[in-house]
Each structure stands twice: as C-alpha cells, then as structure tokens.
Amino acid sequence: NPAFFRSIFWVVPLLLVLSPVNSSSCTMGNKTTEIRVKYENILSYDINELVNMSAEYRDRCCRKPRNSKVFFCNDTQEIESLQSMACNMLRFFHKQKISKDFRWKAALVSCGTLQVLQCKCERQKKEK
Amino acid sequence: VLRMTRMSTVLSIFVLFLHTTFGESGCTSVDGDGTFGDDEPDNFDINCFSQLEFKDSYSSLTCNFMEPPPDNTNYTLALCNKEDSNYVCFNMEKREDAYFLQFTDILSNKDICMDSETKRRVCRSLVVTDMVKPEVPFNVNVTYQKEANEYLIHYSTPHSWKKYLQDKLIHQIAYRQEEGTWKTIESPYLQVKLLGKNLENDASYEVKVRSQPNGDFFRGTWSEWSASKSFRTTREQNFMENYSNVVLVILSILGFMLSVVMIVLIGTFWENRIKPAVWPNLPDHKKTLEQLCKKPKNNFDISFNPENFGYVHIHKVDDIQAKTEQESFLQPSNAPETNLPEKFRSGSDLKMIPAMTDKSNPNLSVTYGGIWPNEALHKILGTSQTTVTEGNCGSSTYEVCHSIGVPLHDDGFNHSSTPSLGPSGQPGLEPVNGDTMPTGEMRSPNNEEAYVTMSSFYKVQ
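If you read the sequences in order, they're chains P and V.
Per the UniProt record's numbering, residue 1 is the first one in the first sequence, and the count goes up by one each step.
Per the UniProt record's numbering, residue 1 is the first one in the second sequence, and the count goes up by one each step.
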C-alpha cells in the first residue's frame with residue numbers, strides 16, 4: 001500500500017525538524033574571563049610562534065588572490081570574526097606548497113582558537 | 001490506514017524522545033548527559049600526570065593504576081576527546097607499569113577511559129593543565145660569599161627555554177647537615193641564599209631541588225628531586241683576621257700604585273733633573289769662556305785656535321822692558337791708525353796690527369815691546385825713512401833712539417840682536433779695556449800681560 005510508506009516517511013522530515021540541530025555558532029558566549037586566561041597561558045605562545053614562522057614567508061605573497069576575504073573584527077562580533085579566521089586558516093592544512101611545520105602550527109593555532117571559543121566550522125571534520 | 005498512521009505517529013514521537021534523551025550517538029552514559037558520574041563503580045583508580053612540551057611541541061600523559069589490576073586481565077587506557085558528535089579516543093601505550101601517550105592539544109577537555117575484556121568502558125574526565133608535573137631541575141651549585149658569609153645555591157630548569165611553564169614554577173630547596181633532618185626553602189627564582197650564621201661551622205651539608213607549578217593557571221605535582229649537591233661550611237673567621245686581610249690588601253694596592261707612580265716620575269725627570277743632580281757635569285772651559293765673553297757685533301772669530309787668526313799680524317816681542325818712555329813719543333799724525341798712542345820698547349821688528357786700529361775707538365793705547373818696521377816708524381814720527389842700522393845712530397836715529405830712551409851706545413843694547421822675548425816669550429801687550437794708558441808711564445811688564453794677547457782684542461771697543 002503506497003500510503004503506508006507515505007505515512008512512515010513523513011516522520012523523517014519531522015524528526016529532522018524537531019531534532020536538536022548543532023548550529024555553527026560558538027558556545028562560549030560571555031565567558032570572556034575563561035577565554036582570556038586560556039589565551040594568555042597557552043594560545044598566545046602558539047600564536048607568537050606562528051607569527052615568527054610567518055616572517056619567513058613575508059615576501060611570498062599569493063600571486064593570484066582568489067576570493068580573498070577581508071575579516072573585520074566588528075564590535076560584539078569578535079568571537080565570530082575569530083571563528084571565521086580560524087576556519088579559513090584550517091584550509092591551508094592541505095596546501096602542499098606550504099611547509100609542513102608552518103601548516104602544522106597554523107592548524108594548531110586554529111584548533112586552539114576554536115577550542116577556546118568553543119566554536120565549530122563547516123566541514124571541520126575534513127579539515128581536522 | 002488511519003490505524004497505521006496513528007501507530008507511526010506514536011513511534012515517531014517515541015524515537016524523538018529517545019533521540020533527545022541520548023543526545024549524541026555512541027554515548028553509553030546512564031545519565032544521558034555524557035558524563036560517567038553515576039556509572040557503575042569500578043576499580044578505576046589511576047594516577048595520572050601530564051608533562052608539557054616534553055618533546056618539542058608534544059605534551060605527554062602518564063597514568064598508572066593505584067592498585068595493580070588482577071592478573072590475567074588486560075586493561076586498556078585511552079584518552080578521549082569529544083569532537084563535534086564524535087568521541088575520538090587514543091589508546092595509551094603501556095610501558096612496564098605505566099601507560100603513556102603524547103599529544104599536542106592541551107586546551108580541550110579530555111576523558112581517560114579504561115577498557116577491559118570483562119568490563120565495559122569506564123571513563124573519567126581529565127584536565128591536562130591541572131596535573132602538570134614539571135621536569136627535574138639540574139645543575140645545582142653552591143657558592144660561598146665570604147664577605148657576606150652566605151651560601152648561594154643556584155640551579156637550572158629545562159622550562160626556562162620552553163613556553164608554557166617559564167616563570168610559572170615554584171622551586172623547593174631542601175638542605176640538611178650530614179645525616180640530619182631536611183629543611184626546606186621555597187622560591188620562585190632560580191637561586192636562594194643560606195646565611196652562614198644559621199649553619200654549623202666546618203660541617204658538611206647536602207642540598208637538592210624540585211619544582212612545581214605555581215597554581216596561577218597550571219596546577220600539578222612536585223617534580224622529582226634533583227641530584228644532591230654537597231658542600232662544607234667554613235671555619236669561624238676571626239674578626240682580626242678579616243681586618244688584617246683587608247688591611248694587607250689595601251696596603252698591597254697602595255704599594256703597587258706608589259711604585260708605578262715612582263717609576264713614571266723617574267722616567268720622566270731622569271734626564272733633566274735627577275741625572276744632573278746625582279752626576280753633575282764638569283764645566284767645560286771653552287764653553288764657560290764663550291759664555292762669559294761677549295760676542296762681538298761684527299763677524300769676529302771667537303776661537304782659541306791660533307790657526308783661525310792667520311790673517312792677523314803678530315808682533316813678536318823680544319823682551320819686556322820697564323816703562324820709561326816719554327809721553328810725547330807717540331803722536332798720531334798720518335796714518336789713521338796712528339791715532340793710537342803707541343810705545344815701543346826695543347828695536348825688534350814690528351808689524352802693524354790692523355785689528356788694533358779700530359776707527360771707532362781712537363783712544364786705544366797699547367804698550368808693547370816690539371820692533372817697529374821702519375816704514376811704520378817713519379810714518380809715525382814723520383821723518384824720512386832712515387834705516388836704523390846696527391850701531392848707526394844718526395841724528396834722526398838718535399832722536400828716535402833718544403825718544404824712546406833706549407841707550408844707544410852703551411850697555412850692549414843691540415838693535416840687530418835677535419829679538420829676545422820676555423820671560424813669557426811673547427810680546428807683551430797691555431790689555432786695555434777702554435781705558436787709556438797713563439801717559440809717560442810705562443808699566444812694568446809682568447807675567448799677566450804676557451798672557452793677555454788675543455783676549456785683549458775682544459775688549460777693544
């Protein structure tokens with residue numbers, strides 16, 4: 001009876017609608033103190049190392065900037081800005097033209113940032 | 001159909017309820033919130049500690065069972081991360097009686113899970129930054145500071161050149177006398193001082209160090225003790241000994257500086273002052289006389305070398321006679337040089353001395369014993385030339401001879417005789433120093449006049 005299947009499968013869309021959806025928003029919220037402490041004691045050192053490593057590649061800019069996005073750190077949107085920057089930096093992990101150490105350090109900083117902010121990225125599984 | 005629809009509705013609601021209850025997939029927690037607090041109690045009594053940056057950027061986790069598990073039971077410890085909807089676990093490596101795992105992420109919250117063949121997995125939350133065990137300090141050294149009577153203990157830690165625990169450790173220094181009880185000191189710095197007055201004199205001590213996170217962010221346990229360092233305290237120093245040592249040092253420094261200054265002064269003033277005072281130079285006669293005598297304005301030769309005066313006419317004197325000449329004998333008439341009143345004494349040959357005839361000083365009077373040449377004699381006297389021959393005393397000759405008071409014919413005065421010089425053998429010229437001779441008076445020749453010949457020329461002004 002075709003009606004049987006229609007009566008069953010309409011539940012799936014309902015489940016999809018009613019099931020708790022994990023949104024890509026960060027969950028740290030207003031826990032700025034915890035964010036600051038983790039940044040000062042752990043994340044800041046890794047960021048400094050990444051900056052020092054970036055100095056070696058200062059003259060090696062992209063010849064063909066494609067879809068370059070400018071990240072603005074707007075007021076009350078700092079966490080979202082950092083999330084977007086970290087998620088984009090994770091894309092470099094698979095770029096073979098960049099040195100392995102630099103890619104590894106960039107990934108470490110990105111993942112550490114997302115961890116501190118309790119954020120997620122789209123297609124984060126693949127990046128990680 | 002309606003009945004089937006109602007069944008499906010109930011079923012969907014039930015499934016939805018279960019989905020909400022269980023949350024993420026893979027969760028086996030009874031609580032349903034992902035934690036294992038109310039799970040089955042287990043023998044999950046393990047002790048773990050983490051070591052940050054133990055190798056490059058990797059951190060490590062080391063766990064061991066507080067109570068050894070029963071034999072014939074294989075246990076597996078795993079470190080799990082909750083990522084998105086997944087629960088990613090990494091099995092720890094078993095090393096003897098401990099389980100070891102290295103990782104890079106120290107920010108995320110982790111779980112330590114135990115798996116066994118007989119029991120289901122049991123997990124427990126774990127914060128890596130709250131169980132940090134620093135690395136062992138090393139290079140413990142003891143230095144005695146004599147002036148302050150203190151013992152400086154300094155050491156090193158590998159975290160000084162790492163990033164997370166740098167300046168975030170507290171160090172504990174333990175010291176004891178030989179086989180005594182340990183005493184401890186805590187300091188956040190890499191050196192401490194022990195006062196000598198608090199220690200026994202001339203005793204052997206032992207010291208060791210360990211570290212721990214200071215608790216601001218990182219917490220954990222003490223590290224292992226460092227290697228012990230032994231040292232011996234000094235004997236009691238006498239105050240006078242110290243004072244005498246200080247005085248000795250000061251005196252040594254002053255003596256050295258004084259010797260250096262003396263050497264410099266001696267080297268500086270040796271030639272100019274010291275040597276002339278110690279070994280005075282004997283005066284040089286020539287130089288002394290040259291300094292005493294005034295240099296003539298004109299180009300006069302200042303020399304005692306007779307060869308330099310070859311151009312000078314030298315009037316030889318046979319002998320020296322008494323001063324009995326007439327005053328009127330010498331009359332300056334023709335020759336310009338005859339302005340000088342001259343007196344001759346004997347019949348010896350004479351030569352004009354041009355040097356004497358200084359026109360600037362016509363008052364020069366010279367007395368000498370010499371032989372005038374005939375030409376000069378006549379020139380002076382204004383008479384015709386007559387030769388004063390031997391034994392030939394003419395009128396003119398007589399006058400001449402008489403004028404000079406020379407006995408002509410008696411007592412053996414001989415004009416032709418070779419001029420016999422005075423006792424000094426030199427013609428005597430009276431030195432005149434700008435003063436004229438007393439007229440009509442002839443000074444008796446003496447030895448002093450015989451020596452004053454060349455120098456008198458200098459005084460003719």
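By construction, the Cβ of each residue, glycine as well, lies at the ideal position given by its N, Cα and C atoms.
Residue j and residue i - do their beta-carbons sit closer together than 8 Å?
i	j	result
V:LYS208	V:SER226	yes
V:TYR155	V:PRO137	yes
V:THR221	V:PHE103	no
V:GLU186	V:GLN166	no
V:SER204	V:GLU178	yes
P:LEU108	P:MET28	no
V:LYS183	V:TYR175	yes
V:ASP115	V:ARG124	no
V:VAL142	V:PHE231	yes
V:PHE304	V:LYS316	no
Residues in its own chain within less than 7 Å of residue i by CB, not counting five upstream and five downstream?
i	result
V:GLN291	none
V:ILE106	LEU52, SER59, VAL128 and THR129
V:ALA98	THR62, CYS63 and ASN64
P:LYS38	VAL116
Going straight from the alpha carbon of residue i to that of residue j, what length do you get?
i	j	result
V:PRO283	V:PRO276	12 Å
P:GLN96	V:THR76	36 Å
P:THR33	V:CYS63	31 Å
P:ALA106	P:LEU114	12 Å
P:VAL51	P:GLU80	21 Å
V:ASN91	P:LYS100	26 Å
V:VAL249	V:PHE256	11 Å
V:MET262	V:VAL247	22 Å
P:CYS111	V:PHE218	20 Å
V:LEU258	V:SER252	10 Å
P:ARG103	V:LYS162	21 Å
V:LYS146	V:ILE170	28 Å
P:GLU122	V:GLN191	51 Å
V:ARG235	V:ASN149	11 Å
P:GLU78	V:LYS110	27 Å
V:ARG3	V:ASN86	38 Å
P:PHE93	V:ILE153	48 Å
V:THR181	V:LEU194	16 Å
V:ASP202	V:SER244	22 Å
V:GLY46	P:ASP46	Here the sequence assigns Ile to residue 46 of chain V, which means Gly is not the residue at that position. Straight-line Cα distance between these residues: approximately 31 Å.
residue 133 of chain P	V:CYS80	Here chain P has residues from 1 to 128 only, and residue 133 of chain P is not among them.
V:GLU206	V:ASN214	25 Å
V:PRO158	V:ILE266	60 Å
V:VAL6	V:LYS82	What sits at residue 6 of chain V in the sequence shown is Arg, not Val. The alpha-carbon atoms of V:ARG6 and V:LYS82 are separated by roughly 38 Å.
P:LEU87	P:LEU43	The sequence given here has Cys at residue 87 of chain P, not Leu. The alpha-carbon atoms of P:CYS87 and P:LEU43 are separated by roughly 16 Å.
V:ASN272	V:ASP318	52 Å
V:VAL278	V:TRP270	10 Å
V:GLY370	V:HIS313	Its pLDDT being 43, under 50, V:GLY370 is placed unreliably in this model, and the coordinates cannot settle the point.
V:GLU96	V:TYR164	29 Å
V:VAL264	V:LEU254	15 Å
For residue i, which residues of its own chain have a beta-carbon under 6 Å away from its beta-carbon, when the five flanking residues on both sides are left out?
i	result
P:CYS119	CYS26 and GLN83
V:VAL140	TYR155, VAL209, SER226 and LYS229
V:MET66	ASP45 and ASN47
By Cβ distance below 8 Å, which residues in the same chain neighbour residue i in space, the five residues on each side in sequence not counted?
i	result
V:GLU200	GLN177 and THR233
V:SER57	THR104
V:SER223	LYS133, PRO134, GLU135, VAL136, PRO137, ARG210, SER211 and GLN212
V:THR118	THR73
residue 463 of chain V	Past the boundaries of the shown model lies residue 463 of chain V; chain V is included only from 1 to 461, so the question cannot be answered.
Starting from residue i, trace the alpha helix (DSSP H) in both directions and tell me its first and last residue.
i	result
V:PRO306	No alpha helix (DSSP H) contains V:PRO306, which DSSP labels as neither H nor E.
residue 131 of chain P	Residue coverage of chain P in this structure runs from 1 to 128, which leaves residue 131 of chain P outside it and unanswerable.
P:VAL51	44 to 55
V:LYS275	275 to 278
If you follow the beta strand (DSSP E) that residue i is in, where does it begin and where does it stop?
i	result
V:ALA98	98 to 103
P:CYS111	Looking at the DSSP string, P:CYS111 is not in any beta strand (DSSP E); the run it does join, the alpha helix (DSSP H), is 100 to 117.
V:GLN172	169 to 177
V:HIS285	From DSSP, V:HIS285 is part of no beta strand (DSSP E) but of the alpha helix (DSSP H) over 285 to 292.
V:GLN212	204 to 213
V:GLN166	Note, V:GLN166: premise wrong, no beta strand (DSSP E); not H, not E.
P:LEU82	Note, P:LEU82: premise wrong, no beta strand (DSSP E); alpha helix (DSSP H) at 78 to 89.
residue 471 of chain V	For residue 471 of chain V there is no data in the structure shown, the boundaries of chain V being 1 and 461.
In chain V, which residues lie with their C-beta within 7 Å of the C-beta of residue i?
i	result
P:CYS119	Near P:CYS119 there are no residues of chain V at all, since even the closest Cβ is about 11 Å away, more than 7 Å.
P:CYS111	ASP105
Chain P partners of residue i, CB-CB under 7 Å?
i	result
V:THR104	LEU108
V:SER108	GLN115
Run down chain V in chain order and give the residues with a C-beta less than 8 Å from the C-beta of residue i.
i	result
P:TYR45	LYS163 and TYR164
Residues of chain P with a CB under 9 Å from the CB of residue i: which are they?
i	result
V:PHE217	VAL37, LYS38, GLU40, ASN41 and ILE42
Margin query: What are the residues in the region 161 to 172 of chain V lying within 7 Å of chain A by C-beta distance?
Written below: As a matter of chain content, chain A is missing from the structure shown, whose protein chains are P and V.
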